[in-house]
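> Residue numbers (the UniProt record's numbering), protein chains in the order written: chain L, 1 to 254; chain Y, 1 to 837. For each residue, glycine too, the CB sits at the ideal point set by N, CA and C.
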């Protein structure tokens, strides 16, 4: 009913400026449930208030994880509320009583979506996935399946299924992370390579990584002191003078 | 020696393996040694303690290191002569008076003594001696006299002479003879002197030349040194050809070049994998293969190897020529493509020149140069040498206008004014000359200056790119000096490029903070990013310049809003950059796929998004859609694929609607091509199909293929084919095996023992420190002991002196008293005598 901008504003402040001062926070239940059902950024924002209701006021929310699962779409790595969302997701998935298929589905979906993510999000989500593996050792088949079939024609995981239990995530492997080991950003490639080895026991602290920005990453790289600078050895012939230069095919210097 | 002098240090325990050096001592011997030494040093000092006389060396120039020994000697001699000059010493006989005998200098006689003897020997020894003996010694024996008498008889018979007369006559005779001899000798002397002089003259000529064959020429031509002489001299000094320097055949040259490139490539691969970055951190860091560690990098061998063509020596004078030749070679390698491209670009250039009559002259001249080149290429096979001759005068004329030396400009303004109004060739020559005149090996400050020059050049390129009509052709040429400078000063070059990148990223960040969204930067940044890929290897796992450039490009593709066609072109340019950067390393760039997907998305009619999701900066719904959508059928038909001119990003408004539509279609074709290339690059990724899934859906289900012109359909199908003919291939992941943890063992740990009785614990550094402390302590103790002993010795000496003095005094007092007593005794005895008497 509310316009989108106002909706967002309300939801952003709801959890720490409104709910604690209400006598009956449960009254917000319907509002939040509706907001959660809208989808997109508004759902993400409604999560926070909903979490307080579930956590402190015994709200029973049917299919909560299913809904959360369906919230995961490519935009989560690009939106402004990324840090807040992943902080909450981390909280929700920290329970060790979650079934393995559910966590595996989450892992697989996050990894799949990470194929479109910018480096700053990748640097956050890879340790996030590592932490999930640590909490739920049953999911490690995603990384280590020595007795599996030698070759598969298709990834068994079905991303389009709404229901995590039907996604067959446990039969799959994390090829996405393997692909990310080839990422252009050296830190991302290194982080992804961690999953090649067996994981250490300690969980990574991702709180510092949650609101990493692209500019910070850039700044970090620029400030690194290099001992020496390797140089291109191919003699320059012109701006587009390289062999098989893509630019020469499509651009002209006029 | 004496067993009573030996002192044995008894050991409480015998320890095996311990070496002891102090078990036996000779205290008496060592004490006497010490005393002796003190007598020689300390006692001497003590005795001379109040004597302040110092030996002072007043020899001239003895301690002046600036004077060479010969000079020193000469000066001393001069000083000596000076001192002696003024005073007329009466005893100094040798000074200016000459001692004579018979009116001749004694020195002369001494000098020519031998000659006199020899003369007398040969000529009249017997006669003279006989006369002399007769005269001096009164005729000598009768025998001798009889012999001689036959000669003298006539004279004596003619006029009998008295003895006195005889003697006088003899004296006169001998005098006369002597005088004659003297005159003869003088003349001989004169002759020898003359000969000496002549010899000296000749000697100077002869001394220079060693080779016999040339001496003759020299002597002939000495009086007037001319050209020929100079040439002969030069030839003599010229380096002889060394037998080891063999002319290399083309094959060998090619092989060498190949080996060099292979080495560099291997190096690049190592950096690309980035594995050994941590493993061998201490390994000497990467250097360019030919680096001499002197900061000077020769990117290619400047020296022209002597080579032959058609039986003639191939001589290349100018640098440019060499470059052109190189280009030619390159063109020959892939001549088909190149010639096509070149002709195409030339056509375009002509078109441009026609349509924009206000183009600057430099562009035209560039065209001319290109034409020349073309011409040359055609003629090259027919007549090489003629061509060279033909081109030379032109160059000479062009060059003659420019000064030959340039100082490195101190500020950007002066740099700009230096290049302003020059054609491209002239600018290149100026830059080359600046580099050559200020080569870092020539002066100390040149390195910093040239490093600055790199920054200026970059700035200049940026400025050229931001003009309303960007002078990209000039930039195209300017990257050559830029590359050379970068090869010389990699550190400074990387710093200045990083500076530019940082500024740009900072601006971008500021804009995002203020406005909430960003726009694509100008053409200059795009050019800079392209230059980065030319100057630095983009395949490294981590590179100080390339990695930030990657980050910046990623930001551009994810943060910048796409609102106009220029934005699309710029974004596609960045996509091309990304693809070029990762073409060798095949690294995965999610932003690239996202952007291409977005570009495809905006080429579709609205409200079609199904089955795929576009991400930021593209939106599934809202404004700025259909940017690339072309509905005009005629434009669709008339479209032909052509390269997108880069200047379009600054001046799109002027063009007509049809042209815009054509540009749109070109962009779309470019997008298809990029997708195809991405597919080729990323096919090895395990989740290739997942990555390309949305693109594939869009291509197969949404793109209106049938509406596209045929050319576009070709692009489309080739892209789709590339996407679809990849096999799906998944192998389950298996972790790397853990290294087995070794079991704990109970064998004793063996530690190397360096010194017995010393603690072995601690690191090496700690041990060293302890050792030093101990040694210092020992030395300190020893020194204190020595000082104490010295003091004792001195005290003993003083005591003995005092005792000596005292005893002497006592003796003297005793003597005095004794003498007084005897005096007194005598006096008393006298007194008693007096009294008695």
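Could you tell me whether the Cβ of residue 564 of chain Y comes closer than 8 Å to any Cβ of chain L?
no
> Distance check for residue 582 of chain Y and residue 244 of chain L, CA to CA, integer angstroms please.
Distance between the alpha carbons of residue 244 of chain L and residue 582 of chain Y is about 13 Å.
> Please state whether the Cβ-Cβ distance between residue 604 of chain Y and residue 629 of chain Y is less than 8 Å.
In this structure, the beta-carbon distance from residue 604 of chain Y to residue 629 of chain Y falls below 8 Å.
> Run through DSSP, which three-state label would residue 101 of chain Y get?
strand
> Please state whether DSSP places residue 560 of chain Y in a helix, a strand or coil.
strand
> In terms of alpha-carbon separation, which member of L:104, L:93 and L:161 lies closest to residue 138 of chain L?
Closest option to residue 138 of chain L, Cα to Cα, is L:104.
> Quick one: does residue 22 of chain L have its CB under 8 Å from some CB of chain Y?
no
> Is the beta carbon of residue 87 of chain L sitting closer than 8 Å to the one on residue 210 of chain L?
Contact flag set, yes.
> Let's see if you can read the secondary structure: which residues bound the alpha helix (DSSP H) around residue 36 of chain Y?
27 to 40
> Using a Cβ cut-off of 9 Å, pull out every chain Y residue sitting near residue 116 of chain L, in sequence order please.
590, 591, 593, 594, 597, 613, 615, 691 and 694
> Since residue 252 of chain L sits in a beta bridge, which residues does DSSP pair it with?
Y:645
> Beta-carbon of residue 203 of chain L versus every beta-carbon of chain Y: anything under 8 Å?
Residue 203 of chain L has a beta carbon lying at 8 Å or more from every beta carbon in chain Y.
> As an exercise, report each continuous alpha helix (DSSP H) stretch of at least 4 residues that is fully enclosed by the stretch 57 to 109 of chain L, in chain order.
64 to 71 and 82 to 92
> Give me, in chain order, the residues of the same chain whose beta-carbon lies closer than 6 Å to that of residue 639 of chain Y; leave out the 5 immediate sequence neighbours on both sides.
Excluding positions up to five away in sequence, the list reads 662, 665 and 709.
> By how many angstroms is the C-alpha of residue 116 of chain L removed from the C-alpha of residue 75 of chain L?
9 Å
> Is residue 730 of chain Y helix, strand or coil when you go by DSSP?
strand
> Chain L beta carbons: is any one of them nearer than 8 Å to that of residue 567 of chain Y?
no
> Kindly indicate the opening and closing residues of the alpha helix (DSSP H) around residue 487 of chain Y.
472 to 488
> Residue 576 of chain Y touches chain L at which residues, Cβ-Cβ below 8 Å?
246, 247, 250 and 251
> Excluding sequence positions up to five away, which residues of its chain have a Cβ less than 8 Å from the Cβ of residue 794 of chain Y?
42 and 46
> Taking Cβ-Cβ distances shorter than 9 Å, what residues in chain Y pair up with residue 210 of chain L?
By Cβ distance, chain Y contributes nothing, its closest Cβ being about 18 Å from residue 210 of chain L, past 9 Å.
> Beta carbon of residue 577 of chain Y, beta carbon of residue 641 of chain Y: below 8 Å?
no
> Which residue comes first and which comes last in the alpha helix (DSSP H) that contains residue 670 of chain Y?
657 to 682
> Name the chain L residues whose beta carbon is nearer than 7 Å to that of residue 540 of chain Y?
Here the neighbours are 230.
> Decide yes or no for the touch test of the stretch 201 to 221 of chain L against the stretch 549 to 560 of chain Y: beta carbon pairs closer than 8 Å, at least 3 of them.
They touch, by the three-pair rule.
> Starting from the beta carbon of residue 673 of chain Y, find every residue of chain B whose beta carbon is closer than 9 Å, and list them in chain order.
In the structure shown, chain B cannot be found, because the protein chains are L and Y.
> Given this structure, state the Cα-to-Cα distance separating residue 825 of chain Y from residue 837 of chain Y, to the nearest angstrom.
Looking at the two C-alpha atoms, the distance is approximately 18 Å.
> Quick one, which of Y:594, Y:634, Y:6 and Y:636 has its alpha-carbon nearest residue 620 of chain Y's?
Y:594
> Relative to the C-alpha of residue 38 of chain Y, which residue among Y:830, Y:792 and Y:808 is closest?
Y:792
> Thinking just about the alpha-carbon of each residue, which of Y:673, Y:723, Y:680 and Y:719 is nearest to the one in residue 693 of chain Y?
Y:723
> Residues bridged to residue 18 of chain L by DSSP?
Looking at the DSSP assignment, residue 18 of chain L forms no beta bridge with any residue, so it has no partner.
> Between which residues of its own chain and residue 15 of chain L is the CB-CB distance below 6 Å, once the five residues before and five after are set aside?
Excluding sequence neighbours, residue 15 of chain L sits near 48, 49 and 52.
> Can you give me the C-alpha to C-alpha distance between residue 214 of chain L and residue 494 of chain Y, rounded to a whole angstrom?
21 Å
> Rank Y:745, Y:746 and Y:689 by C-alpha distance to the C-alpha of residue 725 of chain Y and give the top, closest one.
Y:689
> Does the distance from the CB of residue 46 of chain L to the CB of residue 72 of chain L come in under 8 Å?
no
> Determine the contact status of residue 457 of chain Y and residue 481 of chain Y, defining contact as a CB-CB distance below 8 Å.
yes
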